[in-house]
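Asks: Under the numbering used here, read the sequence shown as residues 530 to 1634, first letter to last.
Even glycine gets a Cβ: it sits at the ideal position worked out from N, Cα and C.
In this text, all values refer to a predicted model and were calculated from it rather than measured experimentally.
One structure, as structure tokens, below. Some questions next.
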Amino acid sequence: MLSLHHCQLLGTWPSNSLWIESQINEPQAFYAKVWYKPVFQIAENGKENVLPSLDEKHFFRRLGNLYRSWKEHRNTNGWNAVDSFCILTGRAQPEDSGYRKSAIVQIYLLGYLEFPETLMIFLPKKVIVMTGGKKYTMLESVLGGNETSEIKLELFKRNRKDNKAENYQQIINALKDAGSKVGLLKKEDPKGEFVTSFLSLMEQSNLETFDISRGIELALTTKEPDELENIRWASALSSKIYKLKFMEDMELIIDEEKTVSQEKMANDIEDVFEDPTKIKVSIDPVDIESCYPPIIQSGGKYDLRPSAMSTSDPLKYDVIICSLGARYKGYCSNVGRTFFIDPSSSMEKSYELLREAHDMCARELRPGVIISKVIDKVRRFIQNRNSALCSRLTKNLGFGIGLEFRESCNLLNSKNTATIKEGMAFNVAFGFQDIPLSESQRKRKKMDSYSVYLADTVVVLKEETKFFTKVSKAWNKVRYDIDEATDKEDEDKTRKKKKEKRKDGSSTIDTGISGTRNQILQSRLRDQQRQLEGKETEQEKRERHQAELMRRKREEAMRRLEEMNNQTPDDRKREKTIMAYPSPAHYPSDLKDRQVMVDMRAEAVILPINGVPVPFHISTIKNVSKSEEDKATYLRINFYVPGTSLSRDLLPAMQNIITNFPTKMFIKELGFRSMDAHNLNNQFRLIKELQKRVKQREQQEQEESDLVTQEDLVLSRDRRVPRLIDLSARPHVTGRKTHGTLEAHTNGLRFTTNKNQKLDILYANIKHAIFQPCDKELVVLIHFHLKNHIMIGKKKQNDVQFYTEVIEGSQTLDNRRRSMYDPDELDEENRERALREKLNTTFKEFCHKLESVSERYGKSVVFDIPYRELGFMGTPFKEMVLLQPTVHCLVSLTEMPFFIISLDEVEHVHFERVMFSSKNFDVVFIFKNFGVAPIRISAVSTSELERIKEWLDDIDICFTSGTANLNWKSIMATIKADNRFYLDTDEDGVPKPAGWEFLKMEGSDDDDDDDEEDNDSNYSQPSEDVEESGSESSDSDESDWASIVDEDSSSGQSGDDDEEAPTWDDLEREAKAADKFRDKRLRGDDDENDDEMDAKKKKKISRNR
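Here you go:
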């Protein structure tokens, strides 16, 4: 019985499969690769065992297929007329490719099992399999098939007593009897003593060897029905992942204008193969894996080869190409599509031509047809339709697919004269590479060329060629329109038509402006009237206050920077130096000549170089590897050197050396060879262990570097010490949820758990103390934000919270709906209300007592309470939470991780993505200490913008707004390097924005447009000049509406220039009259104008949406 010793997922193997190690008396462990979910049975000892079994009929049927292909194509280039052939697998190597021919043959024959260290000899009339252990036992179960099969199976058990010499000799003799030509998989390089011994005997036998890789491919090109079913499942999975993961992620990114790298999107897709439930697919992850890392490309950089990789460039909203493939029980599939954002008409024509050619190619793949003829027909079709695009067609139009992702014998190109057979599967994948754009499109799209690509998995059946991947290729499914440039062009055309009508004398009223726009104009007119009356709007007051505040903040910042520059830092950290030994006299006494040695005490590795022991500190070693070859053990040590990529594990001391001495001589690599593996194996293990210890120590030192030594807690002797009982603490003291008691002592607080574990917080270390009652919350809590970190468990923390949950669990047993007058329901609500009031009172009293105790001993602690009515929803981390201001902070404390910003540390606040069409925006807090990265709160509702501005203005914090997301990392780096950031001139005396004024320039183009609209639409008193030239000067929609208001307002005036300006009430009545006048004119238009009005309204509404 095979015991489940350990399970391990290895992404480089053909499947996320289960490894099983035997517990038999073999020096080398046996691994069986299981491609299906194992069957567990309970053995007599009560332990779980895995019992993979072989299918006798399956094995001999597939064996017959393999032999038929061999005999049929024996004299072709694929088989090279070999008399016999060998399939040899070595030891299991995690780095091996998942598409090795030896592994594919075993999977094909054994039913998704792979046997390492197994030799298969295929002779004309029989198959010899040499293996051992449980693999031998499993193969014995199919020996019964010899009775009905023409090809016999013979098993040789590995004999370790005579080093397998007898078995090898019998195999060599059998090969010689079959003929002198033996086929091998020469492109593979299996490892292990088993492999080495057999290959050496093959060389000594004088047998001719030939490569049969192409012959194996030919044998597996035609699939059986169960193989086609596996491809169908793989294709269905590819389609599901494409539609439910990639397309939804892409649409969400474009819709929310996120910046996500193509590599990150590809990694997210690969995660679905580990957990298919993410796309609501119930399939065993053991059976599936990705054929290759998904390929996502955009931004004018495209590579249509199957070997392309996703880059770290952000996804661009132009032309997006994605291809991905899924494997199910070893069988592959592939699908690829191209998506267009705001495409041009030429892009549509290119895509439609490719789609027609792609469908034609798939349709023409029929049984009995030669592949080259299909490809020539497709190329002629494209040539006749567009010769320029034909020159940009990919070299191959696809390839065969199955257990191998790319069957090279079935390439879809003009040189392949193979005949298509029923049961073949193809990946029809091609496109047009680097199609140039016109000059205008280059400026608009910001790229010089684009590519178009399509890929599908198709299967050749008797009556038809069937698409197994089902992702829509229709043009309306792959295009997305998000740009309003086309709408603006239509508006310009409409305005020109109106000008012509006015010149003809017609008085057509513009009906293209929505009610929302009319409300904006009315608001502008009212603001104008307030200015005429000498009244200042709230927005103007805020803008004036912000301008004064920004000037004052600049002066404070300049004084603060001047004080910081005058201070001389005398507490610099001393840089560590690397020294293994002061002198050779300090070498270990047990050092041996010409041997590698690890000195754990000195953290050094002593290496013999030309017989001289040379010590190397462990921090200089980048990595170490060990391999075995030709009965010798090799130890390879790589060192850190300048000019190469430095890993994040590099210690600071070594990093300083590489930075300070880039021109010095460095040793890059040393290799050692020994026939005795004992010492090198031991030293290899010690080097790894020493690296691990040093890394852990450095991490701990770095973790504790900013910790401040605090004084001891002085316990109060008063029995009436303020106390809260039955509390929970976050973060947990012991790694689990902890309950205990919080007490206020002389100079600090002590939290004692039920297991008598203690956590002390000193009053002097409390920066902010916050009490949040349980009104509309699930917990009542006390939170402490600390000045200096403290260690809780093995991690340093800056926030500690103590809380009690309020919710009481109850459930109706009969599942009936309760009435609102149900006495039990009312009692439950009363109990919960009473509990909330009791907890709030208890915590509040404790806070008052704590304030009194801390003030009595000169360490005053004052509690803040969040203002829930000023709170707003936002996303500081990954989840949307309620952010509530306090007197000194902006906090979110109900859920972890905690979010706290000290408002006195904030230098400036910037609002990003503030646009008329956006439903939400981002808030960025910039700190006075430029060394602290700005904090962004995402997805704040636009309805909260004015309220947040009022709050920031009330607490004297400057803010600006912009339409784009900014790269704050590069911005802060530029600001820190600019010593004239807060000045209004540069070094040459040229005026520039002072301080954070440059953030206002980010939306200057939009502001200018708004100013022009303001000038056109402002209310003005009627005059003779305006009345005479009104029809000629009204070049915009806004002026049309202004003329209507002017006309109505002039009817109520006497024409006396000395008369007072109209009051606000008069203007309200005039605005209502204008609305009635407009409605009346609209109802009185003829049918033609009605149709035109409806069309314009619909268009405007759709754009506003």
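(1) Grab me the residues of residue 1488's own chain with a C-beta within less than 6 Å of its C-beta, minus the 5 sequence neighbours each way, in chain order.
(2) Which residue wins for smallest C-alpha separation from residue 611, given the options 632, 650, 582, 1300?
(3) Closest to residue 1208 by CA distance: which of 1126, 1271, 714 is it?
(4) I need the DSSP call for residue 982, collapsed to helix, strand or coil.
(5) Note down the Cα distance separating residue 801 from residue 1136, rounded to an integer number of angstroms.
(6) Just verifying my parser: in three-state terms, what is the DSSP assignment at residue 1204?
(7) Flag this pair as yes or no: are the beta carbons of residue 613 and residue 707 separated by less than 8 Å?
(8) First and last residue of the beta strand (DSSP E) that includes residue 1330?
(9) Considering only the alpha carbon of each residue, which of 1218, 734, 898, 981 lies closest to residue 878?
(10) Which residue from 1256, 1304, 1294 puts its Cα closest to that of residue 1282?
(11) Apply the 10 Å Cβ neighbour rule to residue 1191 and answer buried if 16 or more other Cβ atoms are within range, or exposed otherwise.
(12) Kindly identify the DSSP beta-bridge partner or partners of residue 1452.
(13) Return the first residue and the last residue of the alpha helix (DSSP H) that residue 699 is part of.
(14) Rounded to whole angstroms, how far is the Cβ of residue 927 from the Cβ of residue 954, which I believe are closer than 8 Å?
(15) Per DSSP, residue 928 is paired with what?
(16) What is the rounded straight-line gap between the Cα of residue 874 and the Cα of residue 921?
(17) Residue 1225: which of 1179, 703, 744 sits nearest, CA to CA?
(18) If I measure Cβ to Cβ from residue 1004 and keep anything under 7 Å in the same chain, skipping five residues before and after, which residues do I get?
(19) Would you identify the three-state DSSP class for residue 878, choosing helix, strand or coil?
(20) My parser needs the alpha helix (DSSP H) runs of 4 or more residues fully inside the segment 711 to 776; what are they?
(21) Using the DSSP secondary-structure output, state which residues sit across from residue 1314 in a beta bridge.
(22) For the beta strand (DSSP E) holding residue 852, just list the boundary residues, first then last.
(23) With C-beta atoms as the reference, is residue 941 less than 8 Å away from residue 900?
(24) Just to confirm my understanding: we take residue 584, look at its own chain, exclude 5 residues before and 5 after, and list those with CB closer than 6 Å. What are they?
(25) Do you know whose CA, among 622, 646, 761, 1184, lies nearest residue 1673's CA?
(26) Go ahead and label residue 1268 buried or exposed: buried means 16 or more other beta carbons lie within 10 angstroms of its beta carbon, across all protein chains shown.
(27) Tell me, please, whether the segment 585 to 602 touches the segment 736 to 753 by the rule of three or more beta-carbon pairs shorter than 8 Å.
(28) Since residue 825 and residue 1009 should fall inside the 8 Å C-beta cutoff, what is the C-beta to C-beta distance between them, to a whole number of angstroms?
(29) I'd like to know if the segment 1368 to 1380 and the segment 1302 to 1312 are in contact, where contact means that at least 3 CB-CB pairs between them fall below 8 Å.
(30) In chain order, what residues of the same chain have a beta carbon less than 6 Å from the beta carbon of residue 795, not counting five sequence neighbours either side?
(31) Among 1602, 1239, 1160, which residue has its Cα nearest to the Cα of residue 725?
(32) Would you check if the distance between the CB atom of residue 1155 and the CB atom of residue 1169 is smaller than 8 Å?
(33) By a C-beta neighbour count over all protein chains shown, 10 Å radius and 16 as the cutoff for buried, is residue 1147 buried or exposed?
(34) With three or more C-beta pairs closer than 8 Å as the rule, is the segment 1506 to 1515 touching the segment 1430 to 1446?
(35) May I ask which residues mark the beginning and end of the beta strand (DSSP E) holding residue 864?
(36) Check each candidate in 805, 714, 660 and name the one with the smallest Cα separation from residue 609.
Replies: Inspection of the coordinates gives the following:
(1) 1438, 1481
(2) 650
(3) 1126
(4) strand
(5) 46 Å
(6) coil
(7) yes
(8) 1324 to 1334
(9) Comparing Cα positions, the closest option is 981.
(10) 1256
(11) By the beta-carbon neighbour count (other beta carbons within 10 angstroms, threshold 16), residue 1191 is exposed.
(12) 1440, 1466
(13) 694 to 707
(14) 11 Å between Cβ atoms; not a contact.
(15) 956
(16) 19 Å
(17) Closest option to residue 1225, judged by alpha-carbon separation, among 1179, 703, 744: 1179.
(18) Cβ within range, chain order: 877, 880, 881.
(19) helix
(20) Fully enclosed alpha helix (DSSP H) runs of 4 or longer: 722 to 733, 742 to 749, 754 to 770.
(21) 1297, 1328
(22) 848 to 853
(23) yes
(24) 640
(25) The requested residue 1673 does not occur in the structure, where the chain is confined to residues 530 to 1634.
(26) exposed
(27) yes
(28) The Cβ separation is near 16 Å, so there is no contact.
(29) yes
(30) Hits under 6 Å: 822, 823, 825, 839.
(31) 1160
(32) Contact: no.
(33) Buried, since its Cβ has 16 or more Cβ neighbours within 10 Å.
(34) At 8 Å Cβ cutoff, the stretches do not touch.
(35) 864 to 870
(36) 714
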